[in-house]
Amino acid sequence: MLRNPEWHLLIVWYFFLGGIAGGAYFTAAIADNFGSPRDRNVVRTGYILALLMIVVCGMLLILDLGTPSRFLNMVMHFKFWDPMSIGAWMLGVFGLFAFVSSALSLSADEGRAPLRRKISLVGTIFGFFLASYTGVLLSATALPFWSDARLMGALFLASGASTGIAAISLLLYLTGDAAGEGFKKVKRADRFAILFEMAVLVLFLVLLGSAAAPLVSGQMAPLFWGGLVVVGLVIPLLLDLLGTRWVPAVIPAVLVLVGGFILRYVVVMTHA
Amino acid sequence: MARTLAMFTDTSLCIGCRACQVACKQWNELPMEAPEWTGSYQNQSHFTDKTYRLVRFIEKPQPNGELQWLLMSDVCKHCAQAGCLDACPTGAIHRTEYGTVNINQDVCNGCRYCVSSCPFGVVAFNHDTGRANKCTFCNDRIHNGLGPACAKTCPTESIQFGFRDDLAAKAEKRVAKLKEMGYANAQLYGADANGPLGGLNAFFLLLDRPATYNLPEKPLLPQRNVLVDSVLAVGAALLVGVTAVVSFRERGGKGGGDA
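Chains as they are written, first to last, in my numbering: chain A, 1 to 272; chain B, 273 to 531.
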């Protein structure tokens, strides 16, 4: 007789937005370090998006606590083997990196660019952490579906990367920057990320075997197959590869975001 | 650390009177809760944030078609390796000098990670206080020379309180005796300090397989997965990183941020 932790939508949103924060920061850092000056909008959008998401994430986590006024108790201790303990610390550390990177990316002084680039490479480590530790956190529980999934962290990371990239893509489109060089590269990165997420998802299901039942054939199955696999992965990938003219270039990104949310939803709510 | 204290619940002596359940409620000032129809005499169906001791009434079908009572007064196991304690990010869940596991209500912030980290589903979230609750091993009583209320009140000595090593030795003798009497499936659950979770500081003598009592045959520490899953996530991060670098690098192999 096991007990679920009564984590619901606030946590689903946190997992989703935390993934975006990590993915967006990482995308910006790569564009900053390996791209060209023409990718500046990608860089700026990514850093600032990450910062905003982290702020929202922190609020979601505090709201979800049974005793929100005691949120600081999370950082009165440090347990390196406890995903939630390190997670709380790293959310703060990553927030610091995102703040510094955002501030430096707004500066017109190109002399600060080398420093910004170096900082972002370190910050990316924390971004990846934020995107993936939530999966490891679930797998370190006693609940069967969560703890049988060896690749939960890897899957969340892959989804965090693709949703982070998609979110940048969406923002560039909305701010009228869809014609730029950066947008094309972001779309290319997103294509890779979707393919990678698909590969991890297949491996995830194979490794889970019969323990995947709640997802693939249980109550969550329609949402999982229809929402995540078809709408969130297959359709955006096909649209991206076929490149049809009558579908706005931003639609795949929107679908990837929807799929990323559904992934967190089906996983968290399976034990709710 | 002082000598480890333990509770030994010998289910073969339990008569299902529920004095332990009531004594626990009384001492810990746990409020009443709505009764629950379980199809049997048992109430509640499982531990709650207001029920720390719970007498389980298990009806086991016999070959002749009749039902046999299996009674078990269940409680938090105070595991030597406790999933809830390892999961707690605030340090509210701590090990006392007697080896028991306790939740400091002045520190718990209600994140509920412990709730899903208990291999026995013991820890429960209290919606009234916004904190997690479970058996305290009557921490206040054992610090004042009294046994836990449940053990103190048990009229058949089904629940015994004492030093862990003493009780474990006693339990071994009792199992041997029961086997002699024909209880072939009599067995100890959690008495072995080298067993699962490093042994349970509230251990049991069962008359049947643990599964019959809805107990896991081999409870595992949830945190065993952290290392492997983290390594796999790092691997995924490296692969994602490579694909992104390929996407953003300028064609022609110039690349490099400062180029």
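All C-beta atoms, glycine included, are put in the ideal place defined by N, C-alpha and C.
Residue contact with chain B for D109/A: absent (no Cβ-Cβ distance below 8 angstroms to any residue of chain B). Taking 8 angstroms as the cut-off, the Cβ atoms of M279/B and F433/B count as close. Around D39/A, the beta-carbon contacts reaching into chain B at under 9 angstroms are F520.
Among the residues of the segment 212-246 of chain A, none has a Cβ less than 8 angstroms away from any Cβ of chain B. Take I48/A, set aside five residues on each side of it, and the residues of its chain with a beta-carbon closer than 6 angstroms to its own are S102, in chain order. Excluding the 5 residues flanking it on each side, F15/A has same chain C-beta neighbours closer than 6 angstroms at T134 and R264, in chain order. Here the alpha carbons of C356/B and G402/B stand approximately 17 angstroms from one another. Residues of chain A with a Cβ closer than 7 angstroms to the Cβ of V517/B are, in chain order, I30 and F34. The contact set of T141/A on chain B, defined by CB atoms closer than 7 angstroms, consists of S388, S389 and P494 in chain order. Here M344/B is buried. Its C-beta has 16 or more other C-beta atoms within 10 Å. DSSP lists T320/B as the beta-bridge partner residues of T323/B. Counting of Cβ neighbours within 10 angstroms places G35/A among the buried residues, the total reaching 16 or more. For V373/B, no alpha helix (DSSP H) segment is defined; the enclosing uninterrupted segment is the beta strand (DSSP E) at V373 to I375. Restricting attention to N381/B, C296/B and C390/B, the CA atom closest to the CA of D400/B is found in N381/B.
Within the DSSP secondary-structure output, F224/A pairs in no beta bridge. Taking all protein chains in view, the Cβ of T323/B is crowded by 16 or more other Cβ atoms within 10 Å, so the residue is classified as buried. Proximity of chain B to R70/A at the Cβ level (cut-off 7 angstroms) is accounted for by N381, in chain order. The three-state secondary structure of G467/B, taken from DSSP, is coil. Ranked by Cα distance from P427/B, the first of V294/B, T276/B, A274/B and R275/B is V294/B.
Annotated three-state conformation of G355/B is helix, per DSSP. Around V100/A, the same chain offers I119 as residues with beta carbons nearer than 7 angstroms, after the five sequence neighbours per side are excluded. T281/B is bridged by DSSP to I431/B and F476/B.
Any Cβ of chain A closer than 8 angstroms to the Cβ of G402/B would place that residue at the interface, and such an atom is present. Residue nearest to G58/A within the set M90/A, K185/A and V42/A is M90/A (criterion: CA-CA distance). For D378/B, the closest of H366/B, T372/B, G371/B and S388/B by C-alpha to C-alpha distance is H366/B. Of all C-beta pairs linking the segment 186-205 of chain A to the segment 512-519 of chain B, three or more are shorter than 8 angstroms, placing the two stretches in contact. Residue state for S101/A is assigned as helix, using DSSP reduced to three classes.
Across the structure, L237/A and A199/A are spaced so that their CA atoms are roughly 13 angstroms apart. At least one CB atom of chain A sits nearer than 8 angstroms to the CB of P361/B. Excluding the 5 residues flanking it on each side, C390/B has same chain C-beta neighbours closer than 6 angstroms at G355 and C356, in chain order. Interface criterion met: the Cβ of D82/A is under 8 angstroms from a Cβ in chain B.
Cβ neighbours of S132/A within its own chain (closer than 8 angstroms, five residues either side excluded): G22, G153, A154, F156, L157 and G160. Per DSSP, F16/A lies in no beta strand (DSSP E); the unbroken alpha helix (DSSP H) holding it starts and ends at L9 to F34.
Taken in chain order, the unbroken stretches of alpha helix (DSSP H) that lie wholly in the segment 212-259 of chain A and span 4 residues or more are 213-216 and 235-242. By the C-beta density criterion, L17/A is buried, having at least 16 other C-beta atoms within 10 angstroms. In terms of beta-carbon proximity, L472/B stays away from the interface with chain A, with every pair separated by 8 angstroms or more.
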